[in-house]
Amino acid sequence: MAFARGCGEQQTRINGWCCDLCPPGKYVKEFCTEHRQTICSPCENGSFSDHYSVFDSCKECQSCQQEYAEKCTPTSNARCSCDSGFLCSNNVCSACEENKCTTGEKLKRTETPIGGELLNYSYQCELVCPGPAYFDVKANHCKPWTQCSAFGLAELFPGNKTHNSVCDVQALTHGRDRETAHVILGISFAVFSLAFLVSFFLSFTCVKNLRKHKANHYPMLAVSTNNTDYHLSKEESGLQLIIQDESKDNNNIELHLGRDTTL
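Just so we're aligned, residue 1 is where the sequence shown starts under full-length UniProt numbering, counting upward by one.
1) Apply the 10 Å Cβ neighbour rule to PHE200 and answer buried if 16 or more other Cβ atoms are within range, or exposed otherwise.
2) Hey, GLN65 and CYS32 are a contact pair by Cβ (cut 8 angstroms); roughly how many whole angstroms apart?
3) Could you pull out every residue in the same chain whose Cβ sits closer than 7 angstroms to the Cβ of SER63, ignoring the five residues on either side in sequence?
4) Taking its Cβ as the centre, do 16 or more other Cβ atoms sit within 10 Å of SER203, making it buried, or is it exposed?
5) Could you tell me which residues DSSP pairs with PHE13 in its beta bridges?
6) How would you call VAL28, buried or exposed, if buried means at least 16 neighbouring beta carbons within 10 angstroms?
7) Can you tell me whether PHE135 is buried or exposed? The criterion is at least 16 other CB atoms within 10 Å of its CB, across all chains shown.
8) DSSP on CYS101, reduced to helix/strand/coil?
9) Would you call the segment 101 to 118 in contact with the segment 75 to 84, where contact means no fewer than 3 C-beta pairs closer than 8 angstroms?
10) By Cβ distance below 6 angstroms, which residues in the same chain neighbour HIS231 in space, the five residues on each side in sequence not counted?
11) Which whole-angstrom value describes the C-beta separation of residue 266 and CYS18, a residue pair presumed to lie in contact below a C-beta threshold of 8 angstroms?
12) PHE48 CB to nearest chain B CB: under 8 angstroms?
13) With DSSP as the reference, label ASN209 as helix, strand or coil.
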């Protein structure tokens, strides 16, 4: 063992001598002396050493509260992770806490040093879209709430951090439907009335023309006053014959008288 004047890169000066450092995965069991070099031993289970050192023990492996992203080995520490819906409480993720933020909110993390390289994390939920706006999940950006009053509509449900305002469009639709129904009824009544008047006028004109046509082509029939056209009873028929005979006799008498006078 040479006296230390200028030790090598993987050595250190101990009691004036250049002693070898123990490589990763080992620790110093005995330091070097004048007659021998450093004695190193492998790290025990649950411990590791990730660089050349003069430590007489390996470092304890990191324990994880929920999941191991990487297992601990003699030359590397374990790496931890948290289940879905949980957040790391420090920079090595050895502890986890529930993510209490919901849709429309974002995390704000605050870091606090607690010794060495270890940092503690604390979280606060903030709105993604501050002010009168909501976070559209599909579009993945903020949109302003609809102002129902600007359209003359009542607001059924106010907007929140994840949903737009809901306006009473149905009431407007019903009002328009009623107005449309009234217009349709008015038009239907007008069309029906016009059709009725046209039909009545055409019917009246046709009847009038038909009467004129009959009057021009069919002369009026004289009503017969001949008694023979009537059907008389037996008694009336006999009386009529007697009257006719008497008329004939009177005519004959007048004829004879006329002749005698002439003579």
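For each residue, glycine too, the CB sits at the ideal point set by N, CA and C.
Reading it off the structure:
1) exposed
2) Actually they do not touch by this definition, with Cβ atoms about 41 angstroms apart.
3) SER94
4) exposed
5) A small correction: the amino acid at residue 13 is Arg; Phe does not occupy that position in the sequence shown. Per DSSP, CYS18.
6) buried
7) buried
8) coil
9) no
10) Bear in mind that a pLDDT of 49 at HIS231, under 50, signals an unreliable position, so the number given afterwards is only what the model happens to contain. Hits under 6 angstroms: none found.
11) With the chain covering only 1 through 263, there is no way to say anything about residue 266.
12) The structure shown has no chain B; it contains just one protein chain.
13) helix
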